[in-house]
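Asker: Counting from 1388, one number per residue, gives the positions in the sequence shown under our numbering.
Glycine included, every Cβ here is placed at the ideal spot set by N, Cα and C.
Small disclaimer: the values here were computed from a predicted structure and weren't measured.
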Amino acid sequence: MKKIGKDDFVSGFVPHHNHGSVDYTSVASGHVHQCLDVTSPPIQSEDGSHIHYTEGYVVFEDGHTHHYKAYSGPAIPIGNGMHVHYYDFYTSEDNQHRHHVKGVDHPAPGDR
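1) Report yes if the CB atom of S1479 is closer than 7 Å to the CB atom of H1454, and no otherwise.
2) Across which residues does DSSP place F1476 in a beta bridge pair?
3) Under the DSSP definition of a beta bridge, which residues are partnered with T1441?
4) According to the Cβ coordinates, are D1424 and G1490 closer than 7 Å?
5) Are the beta-carbon atoms of G1407 and H1493 separated by less than 7 Å?
6) Let me know the secondary structure DSSP gives S1427 once reduced to three states.
7) Measure from the alpha carbon of Y1458 to the alpha carbon of each residue in P1429, H1484, R1485, F1447, then state which is nearest.
8) Checking the sheet assignment: what are the DSSP bridge partners for G1468?
9) Spatial neighbours of A1495 within its chain, please: C-beta separation below 8 Å, excluding the five flanking residues on both sides.
10) For D1434, which residues in the same chain have their Cβ closer than 8 Å to its Cβ, ignoring the five residues on either side in sequence?
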């Protein structure tokens, strides 16, 4: 199989890819955390699309951190043989609060 990289435009499903994202949490208790993330490889769904699992910690801020475990939404084609995923989740509750994280990850090859 030909190796496929982040700059290759590919029609269809691309196995063994993942996505990165850089985002900030919502404001809670007067602060935010940066969320740097890399997903699992794709998990195929019955409709021919796929999702990704992710877990990790937000960047240490205000004397603490938060953990998260989440699944993305299905692939969203963005043209040129690339796709992204929407994510929307909450962090663990630490220091008597939690944060909301939502957005779109970075594009990857494949359009489904």
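Answerer: Short version:
1) Closer than 7 Å, so yes.
2) DSSP lists V1488 as partners of F1476.
3) Note: T1441 sits in a beta bridge opposite A1457.
4) Not closer than 7 Å, so no.
5) Yes, the pair counts as a contact, with Cβ atoms nearer than the cut-off.
6) Coil at S1427, not helix or strand.
7) Restricting attention to P1429, H1484, R1485, F1447, the CA atom closest to the CA of Y1458 is found in P1429.
8) Paired residue(s): none; G1468 is not in a bridge.
9) Within its own chain, the residues whose Cβ lies closer than 8 Å to the Cβ of A1495, once the five positions on either side in sequence are excluded, are K1393, V1401, H1404, N1405, H1406, M1469, H1470, V1471, listed in chain order.
10) The residues are P1461.
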